[in-house]
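Be aware that the sequence shown starts at 128, since it is given in our numbering, and climbs by one per residue.
Note that the Cβ used here is the ideal one computed from N, Cα and C, for glycine as well.
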Amino acid sequence: MRVAAAAVALAVLTMGAPAMAQPSTTGFIRVDQVGFAPAEAKHAYLMSASGAPGARFSVVDHRGREVLGGTAGRDLGEWNAKYPHVYDLDLSKLNRPGSYRIKVGTLTSAEFKVAPAALLALPAAKVVTFFGGQRDGSEALRRASHLNDRAASVYDWPTFTGPDTDQIKGDLTKVGGPVDVEGGWFDAGDYLKFTHILAYVDTLLWAAKRDGSPDPRLRREAAHGLKYLDKMWDEKTKTLYIQVGIGAGNAEGTFVGDHDIWRLPEADDGDQAEGHQYIRNRPVFRAAAPGEPISPNLAGRTAAAFALAAQVEPSRWRAQQYLDQAASIYAMAKTENVGQLVTSLPHAFYPESVWRDDMELGGAELALAALRLGDSRASGWIAQAARWAGEYMAQDSGDTLNLYDVSALAHADLVKALRKSGATGLAVDEKALLAGLKAQLDIGAARAAADPFRAGARYDEFDSVPRTFGLAATSRLYRQVTGDRSYDAFGTAQRNWALGGNPWGVSFVAEVGENSIKCPHYQMSNITGRPAVGAVVNGPNSASLFEGGLGGHFEEMPKCPADDVDRYAEFTGHGSRFVDDVRSWQASEPADDFAAIAFYALTLMSKD
Numbered sequence: 128m129r130v131a132a133a134a135v136a137l138a139v140l141t142m143g144a145p146a147m148a149q150p151s152t153t154g155f156i157r158v159d160q161v162g163f164a165p166a167e168a169k170h171a172y173l174m175s176a177s178g179a180p181g182a183r184f185s186v187v188d189h190r191g192r193e194v195l196g197g198t199a200g201r202d203l204g205e206w207n208a209k210y211p212h213v214y215d216l217d218l219s220k221l222n223r224p225g226s227y228r229i230k231v232g233t234l235t236s237a238e239f240k241v242a243p244a245a246l247l248a249l250p251a252a253k254v255v256t257f258f259g260g261q262r263d264g265s266e267a268l269r270r271a272s273h274l275n276d277r278a279a280s281v282y283d284w285p286t287f288t289g290p291d292t293d294q295i296k297g298d299l300t301k302v303g304g305p306v307d308v309e310g311g312w313f314d315a316g317d318y319l320k321f322t323h324i325l326a327y328v329d330t331l332l333w334a335a336k337r338d339g340s341p342d343p344r345l346r347r348e349a350a351h352g353l354k355y356l357d358k359m360w361d362e363k364t365k366t367l368y369i370q371v372g373i374g375a376g377n378a379e380g381t382f383v384g385d386h387d388i389w390r391l392p393e394a395d396d397g398d399q400a401e402g403h404q405y406i407r408n409r410p411v412f413r414a415a416a417p418g419e420p421i422s423p424n425l426a427g428r429t430a431a432a433f434a435l436a437a438q439v440e441p442s443r444w445r446a447q448q449y450l451d452q453a454a455s456i457y458a459m460a461k462t463e464n465v466g467q468l469v470t471s472l473p474h475a476f477y478p479e480s481v482w483r484d485d486m487e488l489g490g491a492e493l494a495l496a497a498l499r500l501g502d503s504r505a506s507g508w509i510a511q512a513a514r515w516a517g518e519y520m521a522q523d524s525g526d527t528l529n530l531y532d533v534s535a536l537a538h539a540d541l542v543k544a545l546r547k548s549g550a551t552g553l554a555v556d557e558k559a560l561l562a563g564l565k566a567q568l569d570i571g572a573a574r575a576a577a578d579p580f581r582a583g584a585r586y587d588e589f590d591s592v593p594r595t596f597g598l599a600a601t602s603r604l605y606r607q608v609t610g611d612r613s614y615d616a617f618g619t620a621q622r623n624w625a626l627g628g629n630p631w632g633v634s635f636v637a638e639v640g641e642n643s644i645k646c647p648h649y650q651m652s653n654i655t656g657r658p659a660v661g662a663v664v665n666g667p668n669s670a671s672l673f674e675g676g677l678g679g680h681f682e683e684m685p686k687c688p689a690d691d692v693d694r695y696a697e698f699t700g701h702g703s704r705f706v707d708d709v710r711s712w713q714a715s716e717p718a719d720d721f722a723a724i725a726f727y728a729l730t731l732m733s734k735d
């Protein structure tokens, strides 16, 4: 539970002078609630309302015995007007395995552990549990849901009432079907399914399997995702289906969408309510007309998922099948006169604008799979990946690893392909790719240097938590291909921030840590009362997004928190706000892509 604010007398320790009593102050100690490997840099934070330079802290074990003492380091800067001081607490000398808390006067931190890096396997395992809960169709680990998706109708893209709305104008126009799109995972706290998201997620799950995740359930979940992607790709007609379901209803009020009602997924197949025709029989949409080139972001990341599966599949015959399927999808990419990328309907749900990174990733993973299988096409895919890497660095660089930019993984894996093949004379070389990886880390490191909690992502934009995990993963990808550990401490600090070492003192992974998110915007958890184990939420977001309030509750939505009190209001700062409330989709909605990058980061770090 959250550590309550308490009055505490803080002493200033100065060399050659007796300790001087400080006026009492209120404050909090923030720390990663999972913990640290023995050799890692270890930092916690004292956030206080008044100055407390040189305050003494102690670390106590589970019996309350002090095992480490020290004094607060420099003031890292203001968080907000109420807490203008944040002091660094350096715990790096603590390397004995055990469970600990930090004390400053009467303030006490949440518990954390010092243990081998494998301690991260437990939170990673909880994230895999979340994917099991997100399953749709007959293989759902709850009751089966959306079995009507087995014979779904295909519709033309809807017309929306404006560029910034998901409300549809008129009715939908049927253009084909039936098609079998049963299965997969729900995208987030709703029940829509998107190829754009699922391909990214499955790519990261297969990458985690390849890169050493020991979780025995991982292969089953990754295979579940790949089975769905196989359904979304029609090899015979060269058609990629991109979405199942619609978010909102239409302006005329003749039908509702997924976001308009709050319910359990197994209720949909039998929902006979007026206007619920597209809840009961969910529409399917295509990326492009059959046989027409498809958006390159979709082609690249979908091909990457199949190619990564080919890299770890024990059966050589099946691996070759995966590779051939990846090659077929990759070859359909539209790379001339691209225009607006295809992600979801509406595009504003997932407004991706960069695609060369996806094509680099697809080419790199195809090449690695081909090299493993002795397929002669490897050199061609390496050349294509190098081309797109060069164009990405010339035209699109400036972001870090997240749903909208996969270049960090692409760069690292293209380096591996170059080394395995010995290829030279390409559009980019190994040196340029490593420099591109380093540049992304430097973006995060520059932000972290100016932030009192060492955050490398921005608090006041969407996806702060997944971007933070993305930076943590990139720090290990960089070390993986260079042997350079100079960004290790930065990467560790990013994981620390996401798991509790942040201004709110919240672990943004449900059921991970002493004070994890309690009220996610997540229907299955909210209605049933069961915890959303392993769900990863967006975290803080721009305070401006909350100015109109959180809105009302759906009739079927149990209140959470029960008293509607925002317990984190006092920590709003740096233009950002975090609200742990079931209505707070801006901050507390979990999503598959959030979970996937968190899982991949934890996997890479558990190998330290």
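Check: beta strand (DSSP E) containing Ala279: first to last residue?
Finding: Translated into the one-based positions of the sequence shown, residue 279 becomes position 152. Ala279 to Tyr282 is the span of the beta strand (DSSP E), which, as asked, contains Ala279.
Notebook entry, point to check: If you follow the beta strand (DSSP E) that Leu218 is part of, which residue opens it and which one closes it?
Noted result: Translated into positions along the sequence shown, residue 218 becomes position 91. First-last for Leu218: undefined, no H or E at that position.
Notebook entry, point to check: Does Gly583 have its Cβ less than 8 Å from a Cβ in chain D?
Noted result: Of the protein chains in this structure there is only one, and it is not chain D.
Notebook entry, point to check: Using the rule of at least 16 other Cβ atoms within 10 Å of the residue's Cβ for burial, across every protein chain shown, is Pro717 buried or exposed?
Noted result: Within the sequence shown, numbered from 1, the residue matching residue 717 stands at position 590. Flag for Pro717 reads buried.
Checklist line | Straight-line Cα distance separating Gly316 from Thr619 | finding: Within the sequence shown, residue 619 is the residue found at index 492, counting from 1. Within the sequence shown, residue 316 is the residue found at index 189, counting from 1. Each residue's Cα considered, the two are about 29 Å apart.
Next item on the list: Take the Cβ of Lys336 as the centre, count every other Cβ of all protein chains shown within 10 Å, and call the residue buried at 16 or more, exposed below.
Entry: Here residue 336 refers to the residue found at position 209 when the sequence shown is read from its first residue. Lys336 should be labelled buried.
Notebook entry, point to check: Helix, strand or coil for Thr141 per DSSP?
Noted result: By one-based count along the sequence shown, residue 141 stands at place 14. Residue confidence for Thr141 is low, a pLDDT of 28 falling below 50, so the modelled location carries little weight and cannot support an answer.
Note to self: Which of the three DSSP states is assigned to Tyr172 in this structure?
What the structure shows: Translated into the one-based positions of the sequence shown, residue 172 becomes position 45. Note: Tyr172 maps to strand in three-state DSSP.
Notebook entry, point to check: Are Tyr449 and Ala437 close, meaning C-beta to C-beta below 8 Å?
Noted result: By one-based count along the sequence shown, residue 449 stands at place 322. By one-based count along the sequence shown, residue 437 stands at place 310. A contact, by the Cβ cut-off of 8 Å.
Note to self: Using a Cβ-Cβ cutoff of less than 7 Å, which residues in the same chain neighbour Ala728 once the five nearest sequence positions on both sides are dropped?
What the structure shows: Residue 728 sits at position 601 when you count from the first residue of the sequence shown. For Ala728, where only same-chain residues beyond five positions count, the Cβ hits under 7 Å are Phe596, Ala599, Ala600 and Arg622.
Check: Quick one: Cα of Ala146 to Cα of Leu488, how far?
Finding: For the purposes of this step, residue 146 is taken as residue 19 along the sequence shown, with counting starting at 1. For the purposes of this step, residue 488 is taken as residue 361 along the sequence shown, with counting starting at 1. Note on Ala146: pLDDT 36, under 50, position unreliable in the model; the coordinate value appears next. Approximately 58 Å between the Cα atoms of the pair.
Next item on the list: Starting from the C-beta of Ser236, find all residues in its chain whose C-beta is less than 7 Å away, skip the five residues before and the five after it, and write them out in chain order.
Entry: Against the sequence shown, residue 236 aligns to sequence position 109. Answer for Ser236: Val130, Ile156, Val158, Ala171, Arg228 and Ile229, listed in chain order.
Margin query: Helix, strand or coil for Pro593? Go by DSSP, reduced to three states.
Written below: Residue numbering aside, residue 593 sits at position 466 when the sequence shown is read from its first letter. Here Pro593 sits in helix by DSSP.
Notebook entry, point to check: What's the call for Ala625, buried or exposed, on a 16-neighbour Cβ count within 10 Å?
Noted result: Taking the sequence shown and counting its residues from 1, the one referred to as residue 625 is at position 498. Label assigned to Ala625: buried.
Next item on the list: Taking only the alpha-carbon atoms, compute the straight-line gap between Asp276 and Asp307 and give it to the nearest angstrom.
Entry: Within the sequence shown, numbered from 1, the residue matching residue 276 stands at position 149. Within the sequence shown, numbered from 1, the residue matching residue 307 stands at position 180. Their Cα atoms are separated by approximately 6 Å.
Notebook entry, point to check: How would you write the range of the beta strand (DSSP E) that Val187 sits in, first residue to last?
Noted result: By 1-based counting over the sequence shown, the position of residue 187 is 60. Val187 -> beta strand (DSSP E) spans Arg183 to Asp188.
Notebook entry, point to check: Helix, strand or coil: how does DSSP classify Ile229 here?
Noted result: Numbered from 1 along the sequence shown, position 102 holds the residue referred to as residue 229. Correct three-state label for Ile229: strand.
Notebook entry, point to check: Straight-line CA distance for Pro343 to Arg606?
Noted result: Locating residue 343 in the sequence shown gives position 216, counting from the first residue. Locating residue 606 in the sequence shown gives position 479, counting from the first residue. Between Pro343 and Arg606, the C-alpha separation is close to 26 Å.
Check: Between which two residues does the beta strand (DSSP E) carrying Tyr368 extend?
Finding: Here the question's residue 368 lines up with position 241 in the sequence shown. First-last of the beta strand (DSSP E) with Tyr368: Thr366 to Val371.
Check: Should Leu367 and Arg428 be called a contact, given that it needs their Cβ atoms to be closer than 8 Å?
Finding: Here residue 367 is taken as the residue at index 240 of the sequence shown, counted from 1. Here residue 428 is taken as the residue at index 301 of the sequence shown, counted from 1. No; because the gap between Cβ atoms is not below 8 Å, this pair is not in contact.
Checklist line | Which listed residue (Ser733, Asp719 and Gly702) has its alpha carbon closest to that of Glu205 | finding: Against the sequence shown, residue 205 aligns to sequence position 78. When each option's Cα is compared against that of Glu205, the closest is Gly702.
Next item on the list: Quickly, what does DSSP pair Leu195 with across the bridge? List them, please.
Entry: Sequence index remark: in the sequence shown, residue 195 carries index 68 (1-based). The partner list for Leu195 (beta bridge, DSSP) reads Val186.
Notebook entry, point to check: Does the Cβ-Cβ distance between Pro630 and Leu472 come in under 8 Å?
Noted result: On the sequence shown, position 503 is the one that residue 630 refers to. On the sequence shown, position 345 is the one that residue 472 refers to. Contact flag unset, no.
Next item on the list: Determine the DSSP secondary structure at Thr609, reduced to helix, strand or coil.
Entry: By 1-based counting over the sequence shown, the position of residue 609 is 482. Helix at Thr609.
Next item on the list: Can you tell me which of Asp385, Gly380, Leu731 and Thr288 puts its alpha carbon nearest to the alpha carbon of Asp314?
Entry: Residue mapping note: residue 314 aligns to position 187 of the sequence shown, counting from 1. Checking every option, the nearest Cα to that of Asp314 belongs to Asp385.
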